[in-house]
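Undergrad:
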Amino acid sequence: MVLPGVIANGATAADYKAEYKLSTVLGKPFPWGIGGDRWAELVKEKTNGRINVKMYPGSALVNGDQTKEFTALRQGVIDMAVGSTINWSPQVKELNLFSLPFLMPDHKAMDALTQGPVGKQLFDLLATKDVVPLAWGENGFREVSNSKRAIRTPEDLKGLKIRVVGSPLYLDTFTALGANPTQMSWADAQPALSTGAVDGQENPVGVFVAGKLPTLGQKHLTLWGYVADPLIFVVNKEVWNSWSKEDQEAVRAAAVQAAAEEVAIARKGITAQDDSLLKDIAAQGVEVVQLTPEQQKAFQKATQAVYDKWAKTIGPDLVKAAETSVANRK
């Protein structure tokens, strides 16, 4: 017999918080924010209202500093997150894997990593750091835009002031290409683009559209697919352990479903089969450049030293496993 107020494995209703805080960098209408919102919705539905989640976009729980999110998550300041591998890489060096320039040529390569042995290895690693990883989402391949000129060769980047995320690997990559990279949060990036304090930025196409970057002077967009940005749906370990087994599985199932839906949204309109989003961008007066494989090789060659340097930091064995998974993708 289960006593009143007791939930399955000995956890009591009193152990549950009235609200669980979910952190994201981007809110709706960005795919990232849609995914976080959907997770919160599904958690409530699948736990019959026992777990109520409120999403805090804009890295609001860490005063807008997205690179502090993982630390806050470990400390319990944040209960749950849909976080970026880039933003967590300062604390978990292995997550820099996805930012190695030109490691992943396409979505199948990304899937081979996140859904294969490499993804499992990274989840096992994260599980030792006070969090419970549940599912892989996606911010997308990061493309480069600017207000000055079309980018078709590494020389075209020379001297351009490009906003990058808070990871040293991005500074190294853009420096190798002759640009002047400037680290700043997304909250600071938008006004910097509008005033011309920076010339350009790199982000997935979904962010380019939802952030209305053509209105911020970004008139040249180059699809070069140099790195991708998977997202991770996680729960603080202490919070996770406070839930019943039944509710843990419900939250996991909600994460898997929300992540799958979010990935589909992130990829919509940017494939060879469906390029509707790219056509919408071009209709706003943006010059959209799709690099040929030969053009891409020039960028790959220019950043090879950065790749080699960071492969040592990330871990040669992990990088080798990733390269093998990409080569064998189906």
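Numbering that gives the first Met the number 0 numbers the first residue of the sequence shown as 0 and each following residue consecutively. Glycine included, every Cβ here is placed at the ideal spot set by N, Cα and C. If you're wondering where the values come from, they're calculated on a predicted model, not measured in any experiment.
Mind the definition here: the region 133 to 151 touches the region 259 to 275 only if three or more C-beta pairs lie below 8 Å; say whether that holds.
TA: The region 133 to 151 is in contact with the region 259 to 275.
Undergrad: Under the assumption that residue 330 contacts residue 223 (Cβ atoms under 8 Å), give the Cβ distance between them as a whole number of angstroms.
TA: The question about residue 330 has no answer here: the residues shown for the chain are numbered 0 through 329.
Undergrad: If you follow the alpha helix (DSSP H) that residue 168 is in, where does it begin and where does it stop?
TA: From DSSP, the alpha helix (DSSP H) with residue 168 extends over 167 to 175.
Undergrad: Should residue 2 be labelled buried (16 or more other beta-carbon atoms within 10 Å of its own) or exposed?
TA: With a pLDDT of only 41 at residue 2, under the threshold of 50, the placement of this residue in the model should not be trusted; the figure read from the coordinates follows. Exposed is the call here.
Undergrad: Would you kindly report the start and end of the unbroken alpha helix (DSSP H) that includes residue 84?
TA: From DSSP, the alpha helix (DSSP H) with residue 84 extends over 84 to 87.
Undergrad: Whole angstroms is fine: what's the gap from residue 215's alpha carbon to residue 196's?
TA: Rounded to whole angstroms, residue 215 to residue 196 spans 11 Å at the Cα level.
Undergrad: Given residue 87, which residues of its chain have a CB within under 6 Å of its CB, disregarding the five upstream and five downstream residues?
TA: Same-chain partners within the cutoff: 69, 94.
Undergrad: To the nearest angstrom, how far is the alpha carbon of residue 145 from that of residue 114?
TA: If you take the alpha carbons of residue 145 and residue 114, they lie about 33 Å apart.
Undergrad: Who are residue 221's beta bridge partners in DSSP?
TA: Paired residue(s): 143, 288.
Undergrad: With 16 as the cutoff for other CB atoms within 10 Å, does residue 200 come out buried or exposed?
TA: With 16 or more other Cβ atoms within 10 Å, it is buried.
Undergrad: For residue 202, report the span of its beta strand (DSSP E) as first-last.
TA: Where residue 202 is concerned, the enclosing beta strand (DSSP E) stretches over 199 to 202.
Undergrad: CB residue 269 to CB residue 220, shorter than 8 Å?
TA: No, these two residues do not count as a Cβ contact at 8 Å.
Undergrad: What does DSSP give as the partner residues of residue 132 in its beta bridges?
TA: DSSP lists 233 as partners of residue 132.
Undergrad: For residue 236, which of 53, 78, 99 has the nearest alpha-carbon?
TA: Answer by Cα proximity: 78.
Undergrad: Please identify the residue among 34, 283, 71, 131 whose C-alpha is closest to the C-alpha of residue 213.
TA: Among 34, 283, 71, 131, the Cα nearest to that of residue 213 belongs to 283.
Undergrad: Hey, how far is the Cα of residue 105 from the Cα of residue 14?
TA: Computed Cα separation, rounded: 44 Å.
Undergrad: Relative to the C-alpha of residue 181, which residue among 175, 323, 160 is closest?
TA: If we check each option's Cα against that of residue 181, 160 comes out closest.
Undergrad: Could you give the first and the last residue of the continuous beta strand (DSSP E) run that contains residue 180?
TA: Residues 179 to 182.
Undergrad: My understanding is that residue 227 touches residue 109, with C-beta atoms under 8 Å, so please give their C-beta distance in whole angstroms.
TA: So it is a contact: roughly 5 Å between Cβ atoms.
Undergrad: Residues in the same chain with beta-carbon distance under 6 Å from residue 338, minus the five sequence neighbours each way, listed in chain order, please.
TA: The first residue shown for the chain is 0 and the last is 329, placing residue 338 beyond what the model contains.
Undergrad: Judging by CA-CA distance, which residue of 326, 82, 41, 85 is the nearest neighbour of residue 253?
TA: The option with the nearest alpha carbon to residue 253 is 41.
Undergrad: If you measure between the beta carbons of residue 23 and residue 81, is that distance less than 8 Å?
TA: A contact, by the Cβ cut-off of 8 Å.
Undergrad: Nearest to residue 59 by CA position, among 129, 296, 26, 323, is which residue?
TA: Checking every option, the nearest Cα to that of residue 59 belongs to 26.
Undergrad: At what residue ranges does the region 51 to 103 contain a whole run of the beta strand (DSSP E), taking only runs of 3 or more?
TA: Runs found: 52 to 55, 79 to 83.
Undergrad: For residue 18, name the three-state secondary structure that DSSP assigns.
TA: Looking at residue 18 - three-state DSSP - the assignment turns out to be coil, as it is neither helix nor strand.
Undergrad: Could you check what DSSP says for residue 280 in three-state terms: helix, strand or coil?
TA: Here residue 280 sits in helix by DSSP.
Undergrad: State the DSSP-derived secondary structure class of residue 267, mapped to helix, strand or coil.
TA: Residue 267: coil per DSSP, three-state reduction.
Undergrad: Nearest-angstrom Cα distance between residue 320 and residue 297?
TA: Computed Cα separation, rounded: 25 Å.
Undergrad: How would you label residue 158, buried or exposed, when you count the other beta carbons within 10 angstroms and need 16 or more for buried?
TA: Counting Cβ neighbours within 10 Å, residue 158 comes out exposed, since fewer than 16 surround it.
Undergrad: Sort 19, 76, 329, 83 by Cα distance to residue 203 and report the nearest one.
TA: Answer by Cα proximity: 83.
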